[in-house]
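Enquirer:
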Amino acid sequence: MAVDRRKFLRLTGLAALGVAAKPIGILAQEDIPAEISGKLPQENPLTAKRWAMVVDLEKCRDHENIKDCAAACHRVHNVPEFDNPKDEIKWMWEEDFRHAFHEQEIEHLPEKFEYTKVPLLCNHCDNPPCVRVCPTGSTWKRESDGIVMMDWHRCIGCRYCIAACPYGSRSFNWRDPRPFIKETTPEFPTRMRGVVEKCTFCEERLAQGQIPACVEAAKNDAIAFGDLEDPNSKVRELLRERYSIRRKPGLGTHPEVYYLL
Amino acid sequence: MYDAGKVIVGLVIFLALLTFPTWYNVATGKATYVPELEKAVKGDQCVADTEYMRAEHMDLLNEWRDKVVRDGERIHTAPDGTKYNMSLTMTCLDCHSNKANFCDKCHDYLSVDPYCYDCHIIPEVTK
């Protein structure tokens, strides 16, 4: 063999250069026609500095209205429905006023509140305890608009966040959810067994320029959604005019779902 | 060597049996089998070059995943300026709508089992 060490090294180097240069050649091709496939997301998504929700209990106290909102939410997000309450997955659900606001310790509740149902969901706290405990960083507060996000690709199902959340807003998939989804919405993924899930303030709909599904489904504008940092927004207007309460404010989580009495 | 004849015959039979799968595949033409993928049902341009997509689509999908979920960026701009929605279900499977004849063909051949479809929904095949 006439290839000595020096020649071998030179050849290896040249070959490596050739391999490295190949991808550049691919990128340089620019004879691509402009045929678009797939629906492009809206170029004008809904944005805010701090998303917040205001629920008017005067308009939303009735069970049917809340049920419709929750059903709309669960339909667009492929939330399964289990018979066994221990397996329950919920993004939005209803609770008696007394139970939802037990920390108010109201001894003599006006009668209408005894029968008031309250829609509950993730509060998208300003100081979210679930984010602090997540070991994989699969839940975090979005800096741009304050939404407490989840990356279901990264959730390992340790359920620390479920323990940390004082509002019970997070559910764990104990079983494969797929067979228990009544109508599947193909645009949105399902989850798999061993993953935690919760409301995301419909961030995928906001990106398309749509308001959250529950806000859309609520009758009589019972739920308002808007930018808390914008003094002229609908939510700020309502909070200026009416007396509002939040769930467990004493914990310092700063929930961003307000309830008008 | 004792019983040299028997040992050598035995070795030959053993080697023939050991290499049987290789010979069998060569003889039946299975060794040259390459999966043939179904052409996209619509659109004549992919988000990137075929060569690149063939080798690197998994990296591209991971990049899209991180951009959409983590950074809230949803529009991919190809080098020629064409814009695409960064979505497996809504963009990739919109053209390559038959997963069984596209994704699965290669994945089965290479015996890889990506978990994309544990959560992402496979569109129904329409004819």
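As given, the protein sequences belong to chains A and B, one line each in that order.
Going by this note's numbering, the first residue of the first sequence is number 351, and it counts up by one from there.
Going by this note's numbering, the first residue of the second sequence is number 5, and it counts up by one from there.
Glycine included, C-beta positions come from ideal geometry on N, C-alpha and C.
1. Rounded to the nearest angstrom, what separates PRO83(B) and ASP48(B) at their Cα positions?
2. Contact check, ARG586(A) vs ASP495(A) under 8 Å by CB: the rounded distance?
3. Which whole-angstrom value describes the C-beta separation of VAL404(A) and ALA574(A), a residue pair presumed to lie in contact below a C-beta threshold of 8 Å?
4. Looking at ILE531(A) and VAL607(A), is the spacing between their C-beta atoms short of 9 Å?
5. Mind the definition here: the segment 508-528 of chain A touches the segment 536-546 of chain A only if three or more C-beta pairs lie below 8 Å; say whether that holds.
6. Please report how far the alpha carbon of GLU453(A) lies from the alpha carbon of LEU611(A), in whole angstroms.
7. Using a C-beta cutoff of 9 Å, does ALA557(A) count as contacting chain B?
8. Looking at the secondary structure, which residues open and close the alpha helix (DSSP H) in which ALA31(B) lies?
9. Just the C-alpha distance for PRO536(A) and PHE451(A), rounded to the nearest angstrom, thanks.
10. List, in order along the chain, the chain B residues whose C-beta lies closer than 8 Å to that of THR489(A)?
11. Looking at LYS71(B): is its Cβ nearer than 9 Å to the Cβ of MET57(B)?
12. Excluding the 5 residues flanking CYS508(A) on each side, which residues of the same chain have their C-beta closer than 7 Å to its C-beta?
13. Excluding sequence positions up to five away, which residues of its chain have a Cβ less than 6 Å from the Cβ of ILE126(B)?
14. Given a threshold of 16 other Cβ atoms within 10 Å of its Cβ, counted over all protein chains shown, does ALA420(A) qualify as buried or as exposed?
15. So is MET442(A) in contact with chain B if we call contact Cβ pairs under 9 Å?
Expert: Taking the structure as given:
1. Cα-Cα distance, rounded: 16 Å.
2. Actually they do not touch by this definition, with Cβ atoms about 15 Å apart.
3. Separation of the CB atoms of VAL404(A) and ALA574(A) is rounded to 4 Å, and the pair is thereby assigned contact status at 8 Å.
4. Contact flag unset, no.
5. By the C-beta criterion, the segment 508-528 of chain A is judged to be in contact with the segment 536-546 of chain A, since at least 3 inter-stretch pairs fall below 8 Å.
6. If you take the alpha carbons of GLU453(A) and LEU611(A), they lie about 16 Å apart.
7. Closer than 9 Å: yes.
8. First-last of the alpha helix (DSSP H) with ALA31(B): 24-32.
9. Each residue's Cα considered, the two are about 37 Å apart.
10. Residues of chain B passing the Cβ test: none, with the nearest at roughly 11 Å.
11. Note that the C-beta distance between LYS71(B) and MET57(B) is not below 9 Å.
12. Around CYS508(A): PRO485.
13. The residues are LYS103.
14. Around the beta carbon of ALA420(A), 16 or more other beta carbons sit within 10 angstroms, so the residue counts as buried.
15. Not closer than 9 Å to any Cβ of chain B, the Cβ of MET442(A) fails to qualify, so no.
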